[in-house]
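Numbering (the numbering used here), first residue to last: 1 to 232.
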């Protein structure tokens with residue numbers, strides 16, 4: 001219930017949900033007051049090679065706060081530090097439990113070892129616990145490394161943003177907060193952000209959509225009714 005997706009909109013142009021560029025995310029991160037943590041990521045495929053044959057895996061580039069926002073700790077090692085978001089300084093990787101078991105045989109000495117990801121060397125610094133693979137079926141995570149100073153405002157890969165509400169902060173308060181930041185950005189950067197606002201909504205609604213959620217509640221009601229009839 002604490003996890004939310006922070007998403008941009010441009011309702012005047014008919015865009016209900018838009019990806020977030022690195023510049024907007026950094027402004028959200030610096031100015032927000034409603035979240036205990038806020039993180040950004042984008043998904044991609046990763047070619048992993050080394051002593052074993054090369055294989056393609058689902059991966060993600062994530063900001064340093066990502067695992068803290070998810071409140072998931074690694075089974076082995078650590079996750080990412082903020083300084084590892086700097087391009088060229090963070091060639092480190094965190095593996096999923098299944099990748100660690102299947103590709104590396106559950107090697108207890110995996111931490112500190114080098115693998116090749118997309119042709120570049122990466123040092124393994126952590127292994128996540130079983131069954132954690134967010135945002136999809138991720139087998140490997142690497143730091144989000146985007147230098148906003150070298151990108152035009154609004155350019156770069158589109159990011160997904162997730163956050164965790166501070167204790168006692170309601171979704172309405174968080175929406176007021178994040179919408180205010182978006183309005184300030186739109187006023188200051190009209191070329192890239194005019195007409196764009198932002199809001200937060202429950203992560204479950206973001207993942208499956210309000211229609212699917214309503215259908216699931218309908219199915220639950222139908223099953224409950226059948227159970228009630230059977231009991232009667």
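No residue lacks a Cβ here, since even glycine has one placed at the ideal position from N, Cα and C.
Problem set entry | Alpha-carbon spacing of residue 256 relative to residue 139, whole angstroms | In the structure as shown, the chain begins at 1 and stops at 232. Residue 256 is therefore absent and cannot be evaluated.
For this session: Confirm, please, whether the CB-CB distance from residue 103 to residue 52 is below 8 Å.
Result: As a first step, residue 52 must be located in the chain shown, where it is residue number 52. As a first step, residue 103 must be located in the chain shown, where it is residue number 103. Yes, the Cβ-Cβ distance between residue 52 and residue 103 is below 8 Å.
For this session: For residue 92, collect the residues of the same chain with a Cβ closer than 8 Å to its Cβ; drop the 5 residues on either side in sequence, then sort them by chain order.
Result: Against the chain shown, residue 92 aligns to sequence position 92. For residue 92, where only same-chain residues beyond five positions count, the Cβ hits under 8 Å are 80, 84, 122, 123, 124, 125, 142 and 143.
Exercise. Taking the DSSP output, what are the residues bridged to residue 35?
Worked result: As a working mapping, residue 35 is identified with position 35 in the chain shown. DSSP lists 165 as partners of residue 35.
For this session: Could you have a look at residue 115 and say whether DSSP puts it in helix, strand or coil?
Result: Working through the chain shown from its first residue, we reach residue 115 at position 115. Reduced to three states, the DSSP call for residue 115 is strand.
Problem set entry | Ordered list of alpha helix (DSSP H) runs contained in the segment 33-98, each at least 4 residues | Qualifying alpha helix (DSSP H) stretches, in chain order: 66-70.
Exercise. Given a threshold of 16 other Cβ atoms within 10 Å of its Cβ, counted over all protein chains shown, does residue 128 qualify as buried or as exposed?
Worked result: By one-based count along the chain shown, residue 128 stands at place 128. Classification for residue 128: buried.
Problem set entry | Identity of the residue in 137, 113, 162 and 50 nearest residue 198 by Cα | Walking along the chain shown from the start, residue 198 turns up at place 198. Comparing Cα positions, the closest option is 162.
Problem set entry | Residue from 97, 119, 118 and 32 whose Cα sits closest to the Cα of residue 110 | One-based indexing of the chain shown puts residue 110 at position 110. Checking every option, the nearest Cα to that of residue 110 belongs to 97.
Exercise. What span of residues does the beta strand (DSSP E) with residue 123 cover, start to end?
Worked result: The residue labelled residue 123 in the question sits at position 123 within the chain shown. Start and end: 120-127.
For this session: Measure the CB-CB distance between residue 165 and residue 63 and report whether it falls below 8 Å.
Result: Within the chain shown, numbered from 1, the residue matching residue 165 stands at position 165. Within the chain shown, numbered from 1, the residue matching residue 63 stands at position 63. No, the pair does not count as a contact, with Cβ atoms beyond the cut-off.
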